[in-house]
Amino acid sequence: MHCLFWHTVLFAIIACSLGDPKAPANTGFVSCINLFWETSAGRTTIGCKHECKETKQVTNPGRQCLALSLEAQNKAKSGVNYTCTLGECDAELNCHPTELFIGCWKG
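Using mature numbering (1 follows the signal peptide of the UniProt record, and there is no 0), the letters of the sequence shown correspond one by one to residues -19 to -1, 1 to 88.
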């Protein structure tokens, strides 16, 4: 009887710690897109903010960025050379394209 009690308690503890198997595991990390691509001038920020569940600032106004859409980032293949539009971040953290282009690739 005593052994059955402890097996029941142990089972309840394990079952509670597993939680909802359909829910994503909470690892303390935020799942985001790749924030940087490599360019012929070095690693460059894509846009001016994370595209995550919560938007977070990653660059300051006036900084250079790559004006690359989320759709383009998701469809791009790693290691393939592309031509990206350079942009500049504004105070609202939007990347405004300029008329400058640079060779780029997803790292």
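Every residue gets a Cβ at the ideal spot worked out from N, C-alpha and C, and that includes glycine.
Residue span of the alpha helix (DSSP H) that contains residue i, given as start and end
i: L51; result: L51 to K56
Helix, strand or coil at residue i according to DSSP, with G and I counted as helix
i: S59; result: strand
i: R44; result: coil
i: C29; result: coil
i: E73; result: coil
i: G88; result: coil
i: C16; result: One detail in the question is off: residue 16 reads as Leu in this sequence, not Cys. In this structure, L16 counts as coil in the three-state DSSP scheme.
i: G68; result: strand
Option in the options with minimal Cα separation from residue i
i: P42; options: I83, G84, L74 and F82; result: L74
**OP:** Check whether the region 64 to 81 touches the region 24 to 31, counting contact only when three or more Cβ pairs, one atom from each stretch, lie closer than 8 Å.
**Re:** yes
Original post:
Okay, do the region 56 to 63 and the region 73 to 81 touch, 3+ Cβ pairs below 8 Å being the bar?
Top reply: no
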